Amino acid sequence: ILNVEQSPQSLHVQEGDSTNFTCSFPSSNFYALHWYRWETAKSPEALFVMTLNGDEKKKGRISATLNTKEGYSYLYIKGSQPEDSATYLCAFDQGGKLIFGQGTELSVKP
Amino acid sequence: DAGITQSPRHKVTETGTPVTLRCHQTENHRYMYWYRQDPGHGLRLIHYSYGVKDTDKGEVSDGYSVSRSKTEDFLLTLESATSSQTSVYFCAISDDYEQYFGPGTRLTVT
Numbered sequence: 152i153l154n155v156e157q158s159p160q161s162l163h164v165q166e167g168d169s170t171n172f173t174c175s176f177p178s179s180n181f182y183a184l185h186w187y188r189w190e191t192a193k194s195p196e197a198l199f200v201m202t203l204n205g206d207e208k209k210k211g212r213i214s215a216t217l218n219t220k221e222g223y224s225y226l227y228i229k230g231s232q233p234e235d236s237a238t239y240l241c242a243f244d245q246g247g248k249l250i251f252g253q254g255t256e257l258s259v260k261p
Numbered sequence: 018d019a020g021i022t023q024s025p026r027h028k029v030t031e032t033g034t035p036v037t038l039r040c041h042q043t044e045n046h047r048y049m050y051w052y053r054q055d056p057g058h059g060l061r062l063i064h065y066s067y068g069v070k071d072t073d074k075g076e077v078s079d080g081y082s083v084s085r086s087k088t089e090d091f092l093l094t095l096e097s098a099t100s101s102q103t104s105v106y107f108c109a110i111s112d113d114y115e116q117y118f119g120p121g122t123r124l125t126v127t
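As they're listed, the protein sequences go chains F and A.
Per this note's numbering, the first sequence starts with residue 152, numbered consecutively.
Per this note's numbering, the second sequence starts with residue 18, numbered consecutively.
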């Protein structure tokens with residue numbers, strides 16, 4: 152059974168803090184790694200799809216890195232804002248079949 | 018949202034009754050997926066489809082069947098609903114790496 156682990160499970164930060172989360176996944180048979188942002192009562196929203204070792208992607212204040220050899224990806228949020236509060240999911244892609252981690256729940260206080 | 022609707026959005030049903038959930042897309046994407054979301058388990062893949070009449074099992078397929086008779090519709094059927102199938106069900110579509118999620122269906126089996 153494939154295991155995708157995310158840490159921490161939850162995070163509480165103040166507005167303006169920078170933060171990062173980790174996603175660990177199997178280092179063999181890598182196809183792609185996805186990051187999603189999921190707000191309460193909404194559906195998951197795609198942030199990044201990462202396919203190559205060493206990939207770095209950025210969207211505004213959010214960025215992600217990928218290390219397929221050691222099986223981890225980091226998601227960074229610079230200068231967190233209250234609207235960043237959400238659950239951040241990573242998913243290991245087995246050629247279209249996604250195995251999700253349990254997510255990191257981020258709460259940003261004004 | 019990427020032109021995905023799910024129906025019904027909420028349903029309460031009794032144990033032992035059949036239930037069919039519908040996912041409809043207007044994007045003409047080839048791949049369609051059904052996930053369930055449960056506390057402590059995150060999102061788990063039930064079944065997926067890679068074309069009309071082409072479907073395959075995901076990691077939690079027991080008790081579920083699917084059908085795809087046309088590109089735009091992917092049906093998920095619980096032949097005889099059980100309380101363990103109480104969950105939020107998400108449909109997703111894809112044409113390449115990224116998967117786009119529908120709004121979800123909350124199903125309660127009493």
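Beta carbons are placed, not taken as given, at the ideal position from N, Cα and C, and that holds for glycine.
Predicted model, so just to flag it, every value in this text is computed and none were measured.
Evaluate F:R188 with the Cβ neighbour count: other Cβ atoms within 10 Å of its Cβ, from every protein chain shown; 16 or more gives buried, anything less gives exposed. In the first sequence, residue 188 of chain F corresponds to position 37, counting from 1. Answer is buried; the Cβ neighbour count reaches 16.
Q. Is there contact between the region 32-42 of chain A and the region 215-224 of chain F, where contact requires at least three CB pairs shorter than 8 Å?
A. no
- Query: From the beta carbon of F:F176, is the nearest beta carbon of chain A less than 8 Å away?
  - Reply: By one-based count along the first sequence, residue 176 of chain F stands at place 25. Cβ-Cβ to chain A under 8 Å: no for F:F176.
I need the DSSP call for F:E234, collapsed to helix, strand or coil.
Taking the first residue of the first sequence as 1, we reach residue 234 of chain F at position 83. F:E234 falls in the helix class under three-state DSSP.
- By the 10 Å Cβ neighbour count, where 16 or more other Cβ atoms means buried, how is F:G167 classified, buried or exposed? For this step, residue 167 of chain F is matched to residue 16 along the first sequence. Exposed: under 16 other Cβ atoms inside 10 Å.
Measuring straight from C-alpha to C-alpha, what distance separates F:Q253 and A:S111? Position 102 of the first sequence, counted from the start, is the residue given in the question as residue 253 of chain F. Position 94 of the second sequence, counted from the start, is the residue given in the question as residue 111 of chain A. Straight-line Cα distance between these residues: approximately 22 Å.
Residues in the region 95-123 of chain A with C-beta within 8 Å of chain F's C-beta atoms, listed in sequence order?
F107, S111, Y114, E115, Q116, Y117, F118, G119, P120, G121
With DSSP as the reference, identify every bridge partner of F:K209, one or two as the case may be. On the first sequence, position 58 is the one that residue 209 of chain F refers to. Its beta-bridge partners are F:S214.
(Q) Below 8 Å, how does it come out for the region 100-111 of chain A and the region 46-57 of chain A: are there three or more Cβ pairs, yes or no? (A) yes
- Would F:V164 count as contacting chain A if we go by Cβ distances under 8 Å? Here residue 164 of chain F is taken as the residue at index 13 of the first sequence, counted from 1. No, its Cβ sits nowhere closer than 8 Å to a Cβ of chain A.
Identify the contact partners of F:S194 in chain A, using a Cβ-Cβ distance below 8 Å as the criterion.
For this step, residue 194 of chain F is matched to residue 43 along the first sequence. Within 8 Å Cβ-Cβ: D18, F107, F118, G119, P120, G121.
Within 8 Å, strictly: CB atoms of F:S224 and F:V259: Reading the first sequence from its first residue, position 73 is the one you call residue 224 of chain F. Reading the first sequence from its first residue, position 108 is the one you call residue 259 of chain F. Contact flag unset, no.
- Message: Runs of 3 residues minimum, wholly inside the region 28-111 of chain A: which ones carry the beta strand (DSSP E) assignment?
- Response: 36-42, 48-55, 59-68, 71-74, 81-87, 90-95, 104-111
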